[in-house]
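Right, one structure below, let's go through it.
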Amino acid sequence: MASSLSGGNRLSLAMERTGQWIISQDIPSDVVVEVGEANFSLHKFMLVAKSNRIRKLIMESKQPDLTRINLSDIPGGPETFEKAAKFCYGVNFEITVHNVAALRCAAEYLEMTDKYCENNLTGRTEDFLAQVALTSLSGAIVVLKTCEDLLPMAEDLKIVQRCVDVATSKVSIEAKFPSRSPKNWWTEELSILDIEFFGRVIASLKLRGVKALTVASAIITYAEKWLRDLVRDHSGTAAKLAASDDSDLRLQQRELLESIVEILPTEKAVLPINFLCCLLRSAIFVKASSTCKTELERRISAVLEHVTVDDLLVLSFTYDGERLFDLESVRRIISGFVEKEKSVAVFNAGDFREVCSAAMIRIAKTVDAYLGEIATCVGLSISKFNGIASLIPKGARKVDDDLYRAIDIYLKSHPNLDEIEKEKVCSVMDALKLSYEARVHASQNKRLPVQIVLHALYYDQLKLRSGVDENDVQDAITTRSQVQHDVSLARENEELRTELLKMKMYITDLHKTGPAAVATTSSCKGGGGPKKAKFFSYVSKKLGRLNPFKQGSKDTSNIVDEDVDITKPRRRRFSIS
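Residues 86 to 662 (our numbering) make up the sequence shown, in order.
Structure below.
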């Protein structure tokens, strides 16, 4: 709306000015030139003297006295035609970098060439382009910007290509020998272009062999200017845009973002990973094409060793920071990096499960810290939490303390989980790889399932018994199987304790009521004796399953073999107290 009002004001001013210098002529006008909504009352002989096109229109007209000429398709519109008409009348006006491209196209349209008339508008504009406009980077960029509304004629006249060549040459010199401060001042100059012309300058820079870092700096400045609300949002503007859901704006942002991704340098480490993460979040937000998002994920995965927790959080949360955004992208990025590390390990004839690179170990710490940050989100499911945690190979974590911290935060933030769900959350952690401090904390942590607590306690007992160094985990596999057995025994022991408590209560009741009550109870119910015998048989079976020598898990080296008389077993007295 503002641009249309501004254009209307310029149109009326142009007509008013034209009327002023036309009225000064003694001869009345004999032709009206229509340019869009503007009408210019002029003289045929003045226009024909400079413009071969107008001469042809008058000569070829079937009307004996042509009074109206329509030139609505002239490049530059009414303002440019006004200046061309002034040139025909010999009225002075200023040629600048802002109007020279439009005047050159208008001169071509009106056929105001030097062949038709010496020192015509074509020659004047060409001289200005060569001697003034295209001698500096700023001038070339401004001229190139004005060509956006002059296509395809500006392209046909090679104005666009000349501007691109000059801009590329000047940028390559500035990158090596800065003439201003800051040294990347020229990136701001390039950022005024639309994406099509900006992409052509970037492509020309690549062909010229300009360093990838130089190209990357220009792209970063451009993206931060035109996608400021998405790439560098610190004011909540993007959150407001998300709420408004302006489809037209979203479409423009999507097309612009996809075009920016297409011109990114192919070199791996020239773009900051934070910038790539911001681009990916923007791509997800504006629903860019899968090709665009996949390319960004691939680039981030290639330099993931430099990622920080904040970078991953940028991808994970919405712009208002209140809810999770897209964990699938994070999962694919980490998975891509792990697969690359596996390929390198296989190529080097190594075992990826046991020996991991320094980069993989670094990523493991970052991912565990990242899980600790997102664990507080109520909407984070167990499958998504475990899905990211399990991507990291076991060998990349020397200790699981950071992962234990993330699990503890998750359990604290999700207090309604049952025992089975808690065990699923803890399944990604190896309790035998916790440090001593973490095991002490785990043994006292009521949020953890019983099985994990027993793992930690048993490992400490094993350390005390065997005197193994804290960092030695060679017996982890044997220990884990023994712990599984002890867990099952602990559960059976709990059941037996419950049965013994019931029996104790039953005997106490018998002592209180006396023998008469016992006889009455026996005669009324009948079959009480078999029931009691059955209970003692059940207790005996349970005690038998707790035999410490049954599984061979205890130390029997100190037992001395003796001749035992098995023909006459000793009588034993069973008592329950």
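For each residue, glycine too, the CB sits at the ideal point set by N, CA and C.
Grab me the residues of E274's own chain with a C-beta within less than 8 angstroms of its C-beta, minus the 5 sequence neighbours each way, in chain order.
-> Taken in chain order, the residues that qualify are L222, S223, I226.
So L364 and L342 are in contact, right, with Cβ under 8 angstroms, and what is the actual spacing, rounded?
-> 7 angstroms
What's the C-alpha gap between G284 and E193?
-> Between the alpha carbons of G284 and E193 lies a gap of roughly 27 angstroms.
Taking 8 angstroms as the cut-off, decide whether the C-beta atoms of L412 and F370 are in contact.
-> no
Run of the beta strand (DSSP E) containing S276, from where it starts to where it stops = Per DSSP, S276 belongs to no beta strand (DSSP E) and is neither H nor E.
G611 versus V538: straight-line alpha-carbon distance, rounded | Residue confidence is low: G611 scores 47 on pLDDT, short of 50, so the model does not pin down where it sits. Its coordinate-derived value is still stated next. Cα to Cα, G611 sits roughly 46 angstroms from V538.
Please classify A663: does DSSP put it in a helix, a strand, or coil?
-> The structure shown does not extend to residue 663, since the chain is modelled only from 86 to 662, so the question has no answer here.
Beta-carbon separation (whole angstroms), M197 vs N204, contact threshold 8 angstroms | No, M197 and N204 are not in contact; Cβ-Cβ is about 11 angstroms, not under 8 angstroms.
For A123 and C173, believed in contact at Cβ under 8 angstroms, the rounded distance | Not confirmed; about 16 angstroms, so no contact.
Since E119 is in the beta strand (DSSP E), which residue starts that stretch and which ends it?
-> E119 -> beta strand (DSSP E) spans 116-120.
Are the Cβ atoms of V513 and N578 separated by less than 8 angstroms?
-> no
Helix, strand or coil: how does DSSP classify R123 here?
-> In the sequence under discussion, the amino acid at residue 123 is Ala, which differs from the Arg named in the question. It is a strand residue.
Quick one: complete beta strand (DSSP E) runs, 3+ long, within the region 130-167?
-> 153-155
Does DSSP classify L398 as helix, strand or coil?
-> Residue state for L398 is assigned as helix, using DSSP reduced to three classes.
Cβ of A260 within 8 angstroms of Cβ of V295?
-> yes
Taking the DSSP output, what are the residues bridged to L409?
-> F402
Distance, L235 Cα to L28 Cα | Only positions 86 to 662 of the chain appear in this structure, which leaves residue 28 out of reach.
Going by alpha carbons, who is nearest to V535 out of K509, S520, K518, Y521?
-> K509
Measure the alpha-carbon distance for F422 versus V394 and round it to whole angstroms.
-> Their Cα atoms are separated by approximately 16 angstroms.
Check whether F360 and I305 have beta carbons under 8 angstroms apart = Taking 8 angstroms as the Cβ cut-off, F360 and I305 qualify as a contacting pair.
Thinking C-beta only, is F178 closer than 8 angstroms to V120?
-> Contact flag unset, no.
Anyone know if the C-beta pair for V118 and I154 falls short of 8 angstroms?
-> yes
What residue does the alpha helix (DSSP H) around I180 start on, and which one ends it?
-> Annotation: I180 is outside any alpha helix (DSSP H) and is labelled neither H nor E by DSSP.
Return the residue from the list K141, S114, I139 that minimises the CA-CA distance to H128.
-> S114
Quick one: what's got a C-beta closer than 7 angstroms to V182's C-beta in the same chain, skipping five residues either side?
-> A218, G224, V227, V228
From T220 to E382, what does the alpha carbon distance come to, in whole angstroms?
-> 41 angstroms
Secondary structure at Y591, three-state DSSP: helix, strand or coil?
-> helix
Please report the Cβ distance between L476 and R532, rounded to the nearest whole angstrom; I am assuming they are in contact, meaning their Cβ atoms lie under 8 angstroms.
-> L476 to R532, Cβ: 24 angstroms. No contact.
Starting from the Cα of R335, find the closest Cα among E347, T207, W311 and give me that residue.
-> Considering only E347, T207, W311, the residue with the shortest C-alpha distance to R335 is W311.
Quick one: measure Cβ to Cβ for V185 and F213, integer angstroms, because I've assumed they're closer than 8 angstroms.
-> 5 angstroms
Sorted by chain position, which residues of the same chain lie with C-beta nearer than 7 angstroms to S276's C-beta, five sequence neighbours on each side aside?
-> T306, Y307, K310
From C202 to A191, what does the alpha carbon distance come to, in whole angstroms?
-> Between C202 and A191, the C-alpha separation is close to 15 angstroms.
For C362, which residues of its own chain have a beta-carbon under 7 angstroms away from its beta-carbon, when the five flanking residues on both sides are left out?
-> Excluding positions up to five away in sequence, the list reads I385, D396, V399, L400.
For C202, three-class secondary structure by DSSP | Collapsing the DSSP output to three states places C202 in coil.
If you count every other CB in all the chains shown that lies within 10 Å of the CB of Y455, and 16 or more means buried, which is it?
-> buried
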